[in-house]
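Chemist: Which chain is which? The protein sequence lines are Y and F, in order. Under the numbering used here, the first sequence has 127 at position 44, and the numbering climbs by one with no breaks. Under the numbering used here, the second sequence has 1495 at position 99, and the numbering climbs by one with no breaks. C-beta: ideal position from N, C-alpha, C; glycine also. Sharing a structure with you now.
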Amino acid sequence: KAGVTQTPRYLIKTRGQQVTLSCSPISGHRSVSWYQQTPGQGLQFLFEYFSETQRNKGNFPGRFSGRQFSNSRSEMNVSTLELGDSALYLCASSLLSPKVNEQFFGPGTRLTVL
Amino acid sequence: TQLLEQSPQFLSIQEGENLTVYCNSSSVFSSLQWYRQEPGEGPVLLVTVVTGGEVKKLKRLTFQFGDARKDSSLHITAAQPGDTGLYLCAGFNFGNEKLTFGTGTRLTIIP
């Protein structure tokens, strides 16, 4: 079974631009979560989607948004990029079993904002 | 807000030594997971513990969930260079369906 894929793997943008990242979950997984990972803040939760609906949201400004399509693929968008948005953005899919929420991560998209 | 503190933050030891990494919280979790992340890759799930006091073994790695389901430990016996990586614990709260990741332990095994 193919793992979680993310595109692109690397991205360089300048301040003020916007960016869209894409994630394809493991086949059969309907939950997709997005995380931001930085050396200073660690792994921080952005949002989670299930069946095209946002289930949970982390403490990030409205510049960060996402969506999920009917085939469970997901995209996240960051508008008006800031230098502090430079990070590894990870997508994870899950089966959402009761009592556990095991995450299967993709390789991430490394975003650099200049 | 649920917080998971991991200690130590950094650990560098010689190949063949034993080590223990801790994951602590003041909150109770329904389950707890451990992940390992290598450079340039996403975290990979190692184990999930569900019951208080539960112990799971994965080759040289032993995971324990605290009796009160507020903490966990990871013990590695005879560490190998392949154990090098960032170890993350993550607690899941079934009530609010939130998964909280720990602060991470960066482990380096020196050959």
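Does the Cβ-Cβ distance between residue 87 of chain Y and residue 189 of chain Y come in under 8 Å?
Modeler: Here residue 87 of chain Y corresponds to residue number 4 of the first sequence, with the count starting at 1. Here residue 189 of chain Y corresponds to residue number 106 of the first sequence, with the count starting at 1. Their beta carbons are under 8 Å apart, which means residue 87 of chain Y touches residue 189 of chain Y by this criterion.
Chemist: How far does the beta strand (DSSP E) with residue 1489 of chain F in it extend, from its first residue to its last?
Modeler: As a working note, residue 1489 of chain F is residue 93 in the second sequence. Element bounds for residue 1489 of chain F: 1481-1489.
Chemist: Is residue 1403 of chain F close to chain Y? Criterion is C-beta to C-beta, closer than 8 Å.
Modeler: Start at 1 with the first residue of the second sequence, and residue 1403 of chain F comes out as number 7. Not an interface residue.
Chemist: If you count every other CB in all the chains shown that lies within 10 Å of the CB of residue 1496 of chain F, and 16 or more means buried, which is it?
Modeler: The residue given as residue 1496 of chain F occupies position 100 in the second sequence. Looking at its Cβ environment, which holds 16 or more other Cβ atoms inside 10 Å, residue 1496 of chain F is buried.
Chemist: Output, in chain order, the set of chain F residues within a Cβ distance shorter than 8 Å of residue 126 of chain Y.
Modeler: Counting from 1 along the first sequence, the entry for residue 126 of chain Y is found at position 43. Those within 8 Å of residue 126 of chain Y in chain F are 1439, 1484, 1497, 1500.
Chemist: Between F:1424, F:1423, F:1442, F:1425, which has its C-alpha nearest residue 1432 of chain F's C-alpha?
Modeler: Counted from its first residue, the second sequence places residue 1432 of chain F at position 36. Residue F:1442 is the option with its Cα nearest to residue 1432 of chain F.
Chemist: Determine the extent of the beta strand (DSSP E) in which residue 1471 of chain F is found, giving its start and end residues.
Modeler: Locating residue 1471 of chain F in the second sequence gives position 75, where the first residue counts as 1. Residues 1467-1472.
Chemist: Check whether the Cβ atoms of residue 1399 of chain F and residue 1421 of chain F sit closer than 8 Å, and answer yes or no.
Modeler: Along the second sequence, read from residue 1 onward, the residue named residue 1399 of chain F stands at position 3. Along the second sequence, read from residue 1 onward, the residue named residue 1421 of chain F stands at position 25. Yes, the Cβ-Cβ distance between residue 1399 of chain F and residue 1421 of chain F is below 8 Å.
Chemist: Kindly list the residues whose CB is nearer than 8 Å to the CB of residue 1393 of chain F, restricted to its own chain and excluding five residues on each side of it in sequence; keep chain order.
Modeler: Since the first and last residues shown for chain F are 1397 and 1507, residue 1393 of chain F lies out of range.
Chemist: Which residue comes first and which comes last in the beta strand (DSSP E) that contains residue 156 of chain Y?
Modeler: Taking the first residue of the first sequence as position 1, residue 156 of chain Y is located at position 73. Note, residue 156 of chain Y: premise wrong, no beta strand (DSSP E); not H, not E.
Chemist: Run down chain F in chain order and give the residues with a C-beta less than 7 Å from the C-beta of residue 149 of chain Y.
Modeler: Position 66 of the first sequence holds residue 149 of chain Y. By Cβ distance, chain F contributes nothing, its closest Cβ being about 16 Å from residue 149 of chain Y, past 7 Å.
Chemist: Who are the neighbours of residue 185 of chain Y on chain F, taking C-beta pairs under 7 Å?
Modeler: Counting from 1 along the first sequence, the entry for residue 185 of chain Y is found at position 102. Here the neighbours are 1429, 1441, 1444.
Chemist: In terms of alpha-carbon separation, which member of Y:186, Y:118, Y:126, Y:138 lies closest to residue 160 of chain Y?
Modeler: Here residue 160 of chain Y corresponds to residue number 77 of the first sequence, with the count starting at 1. Per the Cα distances, Y:118.
Chemist: If you compare alpha carbons, which of Y:103, Y:145, Y:96, Y:98 is closest to residue 157 of chain Y?
Modeler: Translated into positions along the first sequence, residue 157 of chain Y becomes position 74. Out of Y:103, Y:145, Y:96, Y:98, Y:103 has the C-alpha closest to the C-alpha of residue 157 of chain Y.
Chemist: Please classify residue 1451 of chain F as buried or exposed, where buried requires at least 16 neighbouring CB atoms within 10 angstroms.
Modeler: Within the second sequence, the letter at position 55 stands for residue 1451 of chain F. With fewer than 16 other Cβ atoms within 10 Å, it is exposed.
Chemist: Can you list, in chain order, the residues of the stretch 147-173 of chain Y whose Cβ is nearer than 8 Å to any Cβ on chain F?
Modeler: From the stretch 147-173 of chain Y, only 173 have a Cβ closer than 8 Å to chain F.
Chemist: In this structure, how does DSSP classify residue 126 of chain Y when only helix, strand and coil are distinguished?
Modeler: Taking the first sequence and counting its residues from 1, the one referred to as residue 126 of chain Y is at position 43. Residue state, collapsed to three classes: strand.
Chemist: For residue 131 of chain Y, which residues of its own chain have a beta-carbon under 6 Å away from its beta-carbon, when the five flanking residues on both sides are left out?
Modeler: Counting from one through the first sequence, the residue named residue 131 of chain Y turns up at place 48. Cβ neighbours of residue 131 of chain Y beyond the five flanking positions: 116, 138, 139.
Chemist: Just list the residues that DSSP pairs residue 1447 of chain F with in beta bridges.
Modeler: Here residue 1447 of chain F refers to the residue found at position 51 of the second sequence. BP columns for residue 1447 of chain F are empty, so no partner.
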